[in-house]
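First to last, the sequence lines map onto chains H and A.
Per our numbering, the very first residue in the first sequence carries number 7; after that it's consecutive.
Per our numbering, the very first residue in the second sequence carries number 76; after that it's consecutive.
Here the structure is laid out as C-alpha cells; the discussion comes afterwards.
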Amino acid sequence: MEQTVTQKSIKNPAPKGPDSFHLGIPFKLQDKINVWVLRTLAFAIITMLATLIVLLFKQSGEAVKEFGLWNFISTDNWNPVEDEFGGLSFLYGTTVSSLLALAIAAPVSVAIALFLNEMLPAWLGKILGLFVEMIAAIPSIVFGLWGIYYLAPFVKNTLTPMLKGSLGFLPLFQGPSFGIGMLTASLILAIMIVPTITSICREVFKTIPGHQKEAALALGATRYEMIKLAILSPSFSGIMGGVVLGFGRALGETMAVAMVIGNSTTISSSLLAPASTMASVIANEYAEADSDLHVAALCLVGIFLFVITLIINFAARSIVWHFNRKHAR
Amino acid sequence: MKHLLIIAASLFIATQASAVTKVNGAGASFPYPIYSKWFSEYKKVKADVEFNYQAIGSGGGIRQLIKQTVDFGASDAPMKEKDMKKAAWPVLHVPTVMGAVSVAFNLDGVKSLKIDGPTLAKVFMGKITKWNDPALVALNKGLKLPSTDILVVRRSDGSGTTSIFSDYLATVSPEFEKEIGRGKALKWPGATVGAKGNDGVTGVVKQTKGAIGYVELAYAIKNGLPTADVKNKNGKYVAPSIKGVSASAATLKDDVYNGDLRISIVDQVGDDVYPISAFTYILLPVTKETTQLKEVKAFLNWALTKGQDMAGDLHYAPLPTKLTEVLLKKIK
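This is the structure:
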C-alpha cells in the first residue's frame, strides 16, 4: 500500500511555479474554464429562482382571475368543497405566530449570546455555543412530535391556568385551551429560531474590541453597565439583523407548525385557539387538492409567503451589511 | 479497491442482463402499507417485475395518471366526472381492499359509546357541544356522561379518510350535506382542532379529555383507542371491525357489481354492516396493452386472489369473493 502511494506521488507531482502545466492545460486556459464554469453555475441558480417565480405565477393565475389579489387576501372564507378561497386567516396566523415567536426568542437569544461570550470562559462558551447551534440541526418533524406529545399537554395543563390566573382579563387568553393552537406553535417556533439569532449575535459581539470593554470598566462601569454601554448599544443594528433573519425563518417554518397549530381557518383573537399559517396550509392541502382552483389558490398563498419572506430577508441583509460596513473601518 | 470495482461491475452487468420490467404507480397513502407488502411478496412470485409506488396522495395520483407519467394510479375516492374527461382514455376503477373510518373518543370512565349518523353529524358540525347533551344521553341509556365540552378533532391535511367520513355524514344527514358537503378537505364550522395525518388525530384524541375524532380503523386498533359503535341502516349498533367492513360490500346488488364500480358503500343495508366503509381503488387506463399495463393486470390478478389473505393482518378488509370474481373477469 505504502509503495503505491509513493509511486503515485512521483508519477503526478504537484504543479510548481507559474508556468508549469497541470493535466496538460495551460494555466491561462484553466482560469478561463474556471470562470465560465462558475458563471454557468451562478447563472443556473438565478434561472432556477426566476423559473420558480414564473411557474408560481402561472399556476396561481386561475385564482387571481377568479378572486382578485386584494379580495383573496382580505377574506377568510376557505372552503375547498365549494371552491371558494380567501387567504386572510393564513396571513394572520403566519404574522401573529412569527411575531410572538420573535418576542419570546429575541431577548432569550441575546441573553444567551451575552452569557456565552462574556460570562463564560472562552472554552466553555465554545462548547455550549455548539449545543445551541445543534438545536438548528434538529429536524422540524421531531420538534412537531415533541410539540404534540410534551409541549401541548404542558401548555394546556400548566401554562394556560397560569396565564389565565394572571392575565385572564386580556382577550388574548380567553376561551378554552386544547394545548394545540397559536401559543404552542409560537413556543415551538421560538425554540427553533433561537440558534439563528444567538449565533449572529455572538458574531456581532465578537467584533467589539476588547479595549472598549476595558475602557468602560476603567471608567467605573459595573459589569451590567459595561455590557449595556460597550456591547449592546454599538451592536444594536447587528442584533436587529439577526432578529429579522430569525423572523424570516419563523415565517417559512412548515412541518412543526402544521403539527401543533390546530389548522383552523377561523381567525380568533385568543392565542389559545387553533389557527393556521400560510406554509402549513400548503403542506396540508397541496397533495390532495382535487380542483384546479384549489391548487391555484394554494400557489397564490405560496406567492404571498414568498414575497413576504423575500422582503424580510432583504431587510435583514441590508441591516447586517450596513452594520458590517460601519464596523469594517 | 480493485476487487470492489470488479464486484460492482459484475453486479451491474448481472442486473442489466435479466431485463426487469419497471412499473410506476402513484397515489393514495391510505393503502400504502398493504400495497408495499403486496409488491414485496409478489416479487417472490415473479422476480422480473419491479413495482415502484409513490404514496403522494390520491389527488396527486389522479393528476399523474392524467398526465401519463405513471402506469397506474391509486385513489381512495373514485375519480370525478370532470377528471375522467381530462384523461386521454377511459379509466377503469379496480377496488383492491376496503377500509373503514372509526370514531375514536376520550372520555373519563367511558369505554363504549353508541351513536347514530345524524347525531354524529351534529357533533362534527358543532351543534352538540357537551357530552351530556340530551341526544347523546338518549342513545346511551345507563351510561353516565359527564358535562365536559366536546372537542372535535379532524384531519388538517386533505385526505381520503375525511372524504369517506364526510361521505357518510352527508349521506345520513341532509343538514351536513347542505352546510358542509363531501370532500377531502372541508370547511369545518366552530372551534375544531385540525391534526396532521391519522397519527396526529390519534395523538390529540389520546391526550385530550372530551375529544372525539375520526381515524382509520387500523390506527384505532393499534393505539387501543375506544371507538364508538355506529348505528347502521338496520338499526343495529356495530363496532368497527374488518368483518363489518367486508359486509358493506357483500350486500350490493348484482347490477352494481357488473356496472361501474365508482360507488359509495357507506350506510349499506345489513345487520353486520359497519356503515362508514369504503373501497380504495387502483386506476387503470383502458388503452392498448403495453408491457407495463400487462404486468399491472397480472399483479392485480394475484392481489385479488392470494393477496386478499394478507389484508386482515394489516387491518384492511378483504373484498367479498363474489366481487373479486367479477373484477377478475373485468381486468381480462
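Note that CB positions come from ideal geometry on N, CA and C, so glycine has one too.
Counting only beta-carbon separations shorter than 9 angstroms, does residue i have a partner in chain H?
i	result
residue 279 of chain A	yes
residue 158 of chain A	yes
residue 263 of chain A	yes
residue 255 of chain A	yes
residue 283 of chain A	yes
residue 355 of chain A	no
residue 244 of chain A	no
residue 65 of chain A	Residue 65 of chain A falls outside the range modelled here, since chain A spans only 76 to 407, and no answer is possible.
residue 447 of chain A	Beyond the ends of chain A as shown, which are 76 and 407, falls residue 447 of chain A; an answer cannot be given.
residue 163 of chain A	no
residue 471 of chain A	For residue 471 of chain A there is no data in the structure shown, the boundaries of chain A being 76 and 407.
residue 140 of chain A	no
residue 224 of chain A	yes
residue 287 of chain A	no
residue 198 of chain A	no
residue 194 of chain A	no
9 angstroms is my cut-off, CB to CB: does residue i come that close to chain A?
i	result
residue 77 of chain H	no
residue 162 of chain H	yes
residue 316 of chain H	no
residue 145 of chain H	no
residue 98 of chain H	no
residue 265 of chain H	yes
residue 87 of chain H	yes
residue 258 of chain H	no
residue 294 of chain H	yes
residue 184 of chain H	yes
residue 152 of chain H	no
residue 15 of chain H	Note that residue 15 of chain H scores 47 on pLDDT, short of 50, meaning its location in the model is unreliable; the coordinates nonetheless yield the value given after this. No, its Cβ sits nowhere closer than 9 angstroms to a Cβ of chain A.
residue 291 of chain H	yes
residue 215 of chain H	no
From residue i to residue j, what does the alpha carbon distance come to, in whole angstroms?
i	j	result
residue 94 of chain A	residue 364 of chain A	19 angstroms
residue 73 of chain H	residue 91 of chain H	8 angstroms
residue 325 of chain A	residue 219 of chain A	37 angstroms
residue 211 of chain A	residue 288 of chain A	16 angstroms
residue 235 of chain H	residue 191 of chain H	35 angstroms
residue 139 of chain H	residue 205 of chain H	7 angstroms
residue 102 of chain H	residue 278 of chain H	12 angstroms
residue 199 of chain H	residue 252 of chain H	5 angstroms
residue 46 of chain H	residue 276 of chain H	51 angstroms
residue 165 of chain A	residue 251 of chain A	32 angstroms
residue 384 of chain A	residue 394 of chain A	10 angstroms
residue 322 of chain A	residue 103 of chain A	23 angstroms
residue 290 of chain H	residue 39 of chain H	46 angstroms
residue 52 of chain H	residue 306 of chain H	22 angstroms
residue 142 of chain H	residue 306 of chain A	50 angstroms
residue 227 of chain H	residue 57 of chain H	56 angstroms
Near residue i, what residues of its chain come up, given a Cβ to Cβ distance below 6 angstroms and the 5 sequence neighbours on each side ignored?
i	result
residue 95 of chain H	82, 271 and 273
residue 255 of chain A	261
residue 139 of chain A	101 and 145
residue 113 of chain A	378 and 382
residue 129 of chain A	101
residue 194 of chain A	210
Classify residue i as helix, strand or coil using the three-state DSSP reduction.
i	result
residue 260 of chain H	coil
residue 90 of chain H	strand
residue 229 of chain A	strand
residue 171 of chain A	strand
residue 177 of chain A	strand
residue 83 of chain H	coil
residue 146 of chain H	helix
residue 224 of chain A	strand
residue 196 of chain A	helix
residue 273 of chain H	coil
Considering only heavy atoms of the ligand MG, does any lie closer than 8 angstroms to the CB of residue i?
i	result
residue 158 of chain A	Although the ligand MG was asked about, the structure shown includes no ligands whatsoever.
In chain order, what residues of the same chain lie with their CB nearer than 8 angstroms to the CB of residue i, ignoring the 5 residues before and after it?
i	result
residue 100 of chain H	257, 283, 284, 285, 311 and 314
residue 405 of chain A	167 and 169
residue 335 of chain A	168
residue 298 of chain H	68
residue 301 of chain H	65, 292 and 295
residue 80 of chain H	92 and 94
Can you give me the Cβ contacts of residue i inside the same chain, cut-off strictly under 7 angstroms, excluding the 5 residues immediately before and after it?
i	result
residue 97 of chain A	125 and 127
residue 357 of chain A	147, 149, 169, 171 and 375
Which residue spans inside the segment 282 to 358 of chain A form an unbroken alpha helix (DSSP H) run of at least 4? Complete alpha helix (DSSP H) runs here, min 4: 292 to 298, 317 to 325 and 329 to 333.
Only counting runs of 4 or more residues, tell me where the alpha helix (DSSP H) segments fall wholly within the segment 168 to 253 of chain H, in order along the chain. Within the segment 168 to 253 of chain H, the complete alpha helix (DSSP H) segments of 4 residues or longer fall at 188 to 212, 216 to 224 and 229 to 232, listed in chain order.
Taking the runs of the alpha helix (DSSP H) that are 4 residues or longer, which of them lie wholly in the segment 93 to 144 of chain A? As far as the segment 93 to 144 of chain A is concerned, its whole alpha helix (DSSP H) runs of at least 4 residues are 107 to 120 and 133 to 141.
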